[in-house]
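Here the sequence shown is numbered in this note's numbering, starting from 90 and rising by one per residue. Built from N, CA and C at the ideal position, the CB exists for glycine as well.
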Amino acid sequence: MAPEASPPEPIAARYAKADLYQGPRLASLIVNGDVAATFTADGSSVIYYLGHAGWREVMVLDLASGQARRIADEMQIAGLLAHAAGRELDPARLVMDDPEYVAATGALSFTLEDTRWTLTREGTVTKAARGAPDGESAVSPDGRFEIVARDFNLFARDRRTRREVALTSDGTREQPYGRGIPQLADILKAGTEEPAMPVSVRWSPDSRYVATWRLDTRGVPRLSMTQENPPGSFYPRSFSYLYPLAGSDKLPQGTRYTVDVERALKTRRAALVQLRIPSESLLYPADIDLSWSKGRVRAQWTARGYKELAVYEADPITGQAVVTARERVEPLVTVTSSFLRPAPVLGGELDVSERSGWAQLYLVRPDDPDGGIPLTRGAWEVTDIAHVDEGGRTVLLSGVGRERDRNPYFQALYRIALDGSQPVLLTPEPLDHDTTVSPDGKWFVDAMSSPTVPTRTVIRSASDGRIVAELARADDSALRATGFTPPEPFRGLAADGKTPLYGMIWRPANFDPARRYPIIDNVYTGPTTTNVPTGWNRTVTAGGGSVAQIGAIVVSIDGRGTSRRGQQFRLPAYQNLGEVGLDDHIAMIRQIAARYPYVDLDRVGVYGGSAGGYDAARFVLRRPAFFKVAVASSGNHDLRLDKAWWPEVSMGNPDAAVWERNSNMSVARNLTGKLLLIHGDIDDNVPVTESMRLANALITAGRDVDLVILPNTTHRVAQPFFFRKLRDYFTVNLLGEKPPALPLPAPAPVASPVAP
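As structure tokens, then:
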């Protein structure tokens, strides 16, 4: 006789557990889950954190002596910063970026919310002094000159004499010099469509020349948005802005130039030199690539639709340019798996290329830009170049899939020589290794774990992988004491019945296999990445663990079309984002249900955000007999209305019929289940018009739709109301239960009448 199922907890208790298993509250139940170890700039020390969120101690380890000491704790730092900044700060949400430690003075510097701070050994905190010019700002490396932008033109100024000369004179709003495209976040922050922006120039190391570029936005369609509830204002405000869109026939263009600044200031005349590099389509509102190498301008150029990447080197005096490295792969270059990186000590470019079908490393030299010397080989992927030694003898790199005794997604670190010998594995444990190499390439931090093995963080020698110090081990005993059910990795087969796929399963706390549970797919089929976590901390803190607490099984699956498994594994996504992964997810969910009879295949839901929001809507629209309920947040439902780089990296630059076939609007009439669309009204990544257009298509098709627009919310919709709506939607439509009552809000203060 089957065991009798225990009654479920009240829904209010399950919601409370869902709140407990997310954000800072969850982090407070885990000790040393992520110690965030980073090397100081000189490579002499490591800064890291011990404890649980809000109470962590900031530590520093001296690598020469092996001695570690405490600097401060998060509670203390939050208190000092609150006093200095005049506002309260939550120690559990204290994110200190780019930490630096000076052993001689005991001072810790870090960045918090765009401000640099210094914590002294005596326990005082002050705003840190700005460093010297780095040569990539408007000030020359030697400090003599600066470039000023004014009225869409550039001017050079002698900082000592204040003498000034115009470098350009014909700049306009649509064709400015040294100015990129303002991003929506900057427009909103400044309250104007023309916010102040950094001057976009690159100084030559000798402080003589600048390399810059001219933007051309003539004829490029603009987007508009309205912020209905701007803080501090009674009235809405609207903005028009540029956002390079995948479906646009015309994108903003960038043309590169150089100018001899030193000569211009001496002669009072500037000679602008156009570099003979093709005009480049901007696929994202960011500056085009410009740098200096051995007295010449280096620029990486990308063809529309990612048909080609090329590195040009140009003479700053004549403008003559040559291709020194080129990457072409059919049907397109997937830049999230392939990349070019300058390696002057090796006499060329390091190229991670899929020309063999797998992302392998090549050395490309200027005399053979379309060739390359293979430095790695095999059916595995190089994912990052971590360090090239100054002598050019060895390279440290990360990779996945080479070692057959572990999950093919587990990261490992290798040392390779340039003689074609086999890579040396520096992380032998069959775990996922999240590594950071010191600036001098002598050491690396290794946070090793798996979804079922808690994180152990160590320092290793980069010469042989020897462990020289242990920083911490994660401890989740407080989390387990709450009844937390550990996630379970799952391996199954794709819809073809032969390709191995990997997934993760989250169950509710105090899980009872005698009950029947609906299953919810947390989806992101985006070919640019993977969705299933491989490390322990990311697994136990994943959002699926919180959603499961309402009383459901939550799964995450990496189907065909995703990354890190070779070109053939990902190619099903090419011009096919609307179908890729659909049937693989269904196949895996059916296999999970076959193994675990408590899974109810009559109650299948799906949710996701961003490209996962597109997927969630697509799943319920394309397979309505299987997926019954979907929550799609911040979804790019018609890829033509998204920034060009993301769709084109998988779709190329196809014709209108291909875009239409992959649009969720084209299948809106298929909806038979329940669909909730959620979007932020000031989304600065995927325009809110995407969800509005899908809602309109559903209404036009005579289908039902639920829509929530979150006020003053960007692409990051994660906030209490969002989580509440997501849980409520599945609770009502998948569990068939009534959500707990909303807490009564505090009485509103009596307000003065607003004058008409």
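Next on the checklist: Under 8 Å: do the region 632–649 and the region 607–623 share three or more Cβ pairs, one atom per stretch?
Outcome noted: yes
Next on the checklist: Check this for me: beta carbons of residue 488 and residue 498, under 8 Å apart or not?
Outcome noted: Position 399 of the sequence shown, counting from 1, holds the residue named residue 488. Position 409 of the sequence shown, counting from 1, holds the residue named residue 498. When the beta-carbon positions are compared, residue 488 and residue 498 stay at least 8 Å from each other.
Checklist entry - On the three-pair Cβ rule with 8 Å, is the region 392–409 touching the region 741–752? => result yes
Item to check | Reduced DSSP secondary structure (H/G/I, E/B, other) of residue 286 | outcome: Counting from one through the sequence shown, the residue named residue 286 turns up at place 197. Coil, per DSSP.
Next on the checklist: If you reduce the DSSP assignment to three classes, tell me which class residue 768 lands in.
Outcome noted: Here residue 768 corresponds to residue number 679 of the sequence shown, with the count starting at 1. Here residue 768 carries a strand assignment [DSSP, helix/strand/coil].
Next on the checklist: Per DSSP, what are the beta-bridge partners of residue 532 in this structure?
Outcome noted: Start at 1 with the first residue of the sequence shown, and residue 532 comes out as number 443. Partner(s): 550.
Item to check | Range of the contiguous beta strand (DSSP E) that encloses residue 415 | outcome: Mapped onto the sequence shown, residue 415 falls at position 326. Here the beta strand (DSSP E) through residue 415 covers 410–416.
Checklist entry - Between the C-alpha atoms of residue 626 and residue 469, what's the straight-line distance to the nearest angstrom? => result Numbered from its first residue, the sequence shown carries residue 626 at position 537. Numbered from its first residue, the sequence shown carries residue 469 at position 380. Cα-Cα distance, rounded: 25 Å.
Next on the checklist: Restricting to Cα atoms, I'd like to know which of 542, 148, 99 and 253 is closest to residue 623.
Outcome noted: Mapped onto the sequence shown, residue 623 falls at position 534. For the residues 542, 148, 99 and 253, the minimum Cα distance to residue 623 belongs to 542.
Checklist entry - Hey, out of 390, 178, 139 and 239, whose CA is closest to residue 160's CA? => result Position 71 of the sequence shown, counting from 1, holds the residue named residue 160. Selected option, being the one with the closest Cα: 139.
Checklist entry - Which class does residue 128 belong to by DSSP, given the choice of helix, strand or coil? => result By 1-based counting over the sequence shown, the position of residue 128 is 39. Collapsing the DSSP output to three states places residue 128 in a strand.
Checklist entry - Whose C-beta lies closer than 7 Å to the C-beta of residue 533 among residues of the same chain, with five residues either side of it excluded? => result Looking up residue 533 in the sequence shown gives position 444. Cβ within range, chain order: 502, 524, 525, 526, 527, 549 and 551.
Item to check | Same chain, Cβ closer than 8 Å to residue 217, neighbours up to 5 away in sequence not counted | outcome: As a first step, residue 217 is located in the sequence shown; it is residue number 128 there, counting from the start. Only 198, 205, 206 and 207 meet the Cβ criterion.
Item to check | Reference residue 513; option with closest CA among 676, 351 and 486 | outcome: Reading the sequence shown from its first residue, position 424 is the one you call residue 513. Minimum Cα distance to residue 513 is reached at 486.
Item to check | Buried or exposed by the 16-neighbour rule on C-beta atoms within 10 Å, applied to residue 779 | outcome: Stepping through the sequence shown from its first residue, residue 779 is reached at position 690. Answer is buried; the Cβ neighbour count reaches 16.
Checklist entry - Are the region 646–661 and the region 594–606 in contact at 8 Å, needing three or more beta carbon pairs? => result no
Checklist entry - Given residue 221, which residues of its chain have a CB within under 8 Å of its CB, disregarding the five upstream and five downstream residues? => result Taking the first residue of the sequence shown as 1, we reach residue 221 at position 132. For residue 221, the predicted structure reports a pLDDT of 42, less than 50, and the residue's modelled location is therefore unreliable. The matter cannot be settled from this model.
Checklist entry - Is it a yes or a no for the region 367–384 touching the region 731–741, going by three-plus beta-carbon pairs under 8 Å? => result yes
Item to check | Backbone CA spacing between residue 240 and residue 171 [nearest angstrom] | outcome: For this step, residue 240 is matched to residue 151 along the sequence shown. For this step, residue 171 is matched to residue 82 along the sequence shown. Rounded to the nearest angstrom, the two C-alpha atoms are 39 Å apart.
Item to check | the region 753–769 contacting the region 787–802, beta-carbon criterion three pairs below 8 Å | outcome: Contact between the region 753–769 and the region 787–802 is present, because at least three Cβ pairs lie under 8 Å.
Checklist entry - Taking residue 365 as the reference, which of 387, 313 and 149 has the closest Cα? => result Translated into the one-based positions of the sequence shown, residue 365 becomes position 276. Among 387, 313 and 149, the Cα nearest to that of residue 365 is on 387.
Item to check | Three-state secondary structure (DSSP) of residue 242 | outcome: By 1-based counting over the sequence shown, the position of residue 242 is 153. In the structure shown, residue 242 sits in a strand (DSSP, three-state: E or B).
Next on the checklist: Could you compute how far the alpha carbon of residue 751 sits from the alpha carbon of residue 426?
Outcome noted: Position 662 of the sequence shown, counted from the start, is the residue given in the question as residue 751. Position 337 of the sequence shown, counted from the start, is the residue given in the question as residue 426. Looking at the two C-alpha atoms, the distance is approximately 23 Å.
Checklist entry - In this structure, does DSSP put residue 221 in helix, strand or coil? => result Here the question's residue 221 lines up with position 132 in the sequence shown. Bear in mind that a pLDDT of 42 at residue 221, under 50, signals an unreliable position, so the number given afterwards is only what the model happens to contain. In this structure, residue 221 counts as coil in the three-state DSSP scheme.
Checklist entry - Do residue 363 and residue 378 have their CB atoms nearer than 8 Å? => result The residue given as residue 363 occupies position 274 in the sequence shown. The residue given as residue 378 occupies position 289 in the sequence shown. It is not a contact, given that the beta carbons lie outside the stated cut-off.
Checklist entry - Taking the C-alpha atoms as reference points, what is the distance between residue 823 and residue 719? => result Along the sequence shown, one-based indexing puts residue 823 at 734. Along the sequence shown, one-based indexing puts residue 719 at 630. Using only the alpha carbons, I get a separation of about 10 Å.
Item to check | residue 229 and residue 296 closer than 8 Å at C-beta | outcome: Residue 229 sits at position 140 when you count from the first residue of the sequence shown. Residue 296 sits at position 207 when you count from the first residue of the sequence shown. For residue 229 and residue 296, yes; Cβs fall inside 8 Å.
Checklist entry - residue 382: which of 367, 433, 347 and 112 sits nearest, CA to CA? => result Counting from one through the sequence shown, the residue named residue 382 turns up at place 293. Out of 367, 433, 347 and 112, 433 has the C-alpha closest to the C-alpha of residue 382.
Next on the checklist: If I measure Cβ to Cβ from residue 777 and keep anything under 8 Å in the same chain, skipping five residues before and after, which residues do I get?
Outcome noted: By 1-based counting over the sequence shown, the position of residue 777 is 688. Same-chain partners within the cutoff: 314, 768, 769, 770, 771 and 798.
Item to check | Whether residue 235 touches residue 246 by CB criterion (8 Å) | outcome: Start at 1 with the first residue of the sequence shown, and residue 235 comes out as number 146. Start at 1 with the first residue of the sequence shown, and residue 246 comes out as number 157. Cβ distance < 8 Å, so residue 235 and residue 246 count as in contact.
Item to check | Range covered by the alpha helix (DSSP H) that runs through residue 682 | outcome: Translated into the one-based positions of the sequence shown, residue 682 becomes position 593. From DSSP, the alpha helix (DSSP H) with residue 682 extends over 671–684.
Next on the checklist: For residue 95, list the residues DSSP reports as bridge partners.
Outcome noted: Mapped onto the sequence shown, residue 95 falls at position 6. Beta-bridge pairing links residue 95 to no other residue.
Checklist entry - Under the rule that 16 or more other beta-carbon atoms within 10 Å means buried, what is residue 500, buried or exposed? => result Locating residue 500 in the sequence shown gives position 411, counting from the first residue. In this structure residue 500 is buried. Its beta-carbon is surrounded by 16 or more other beta-carbon atoms within 10 angstroms.
Checklist entry - Taking Cβ positions, are residue 419 and residue 411 nearer each other than 8 Å? => result If you number the sequence shown from 1, residue 419 lands on position 330. If you number the sequence shown from 1, residue 411 lands on position 322. Going by C-beta atoms, residue 419 is not nearer than 8 Å to residue 411.
Checklist entry - Which first and last residues belong to the beta strand (DSSP E) in which residue 593 is found? => result In the sequence shown, counting from the first residue as 1, residue 593 sits at position 504. Looking at the DSSP string, the run of the beta strand (DSSP E) that includes residue 593 is 589–595.
Checklist entry - How would you label residue 615, buried or exposed, when you count the other beta carbons within 10 angstroms and need 16 or more for buried? => result Along the sequence shown, one-based indexing puts residue 615 at 526. Residue 615 is buried by the Cβ-count criterion.
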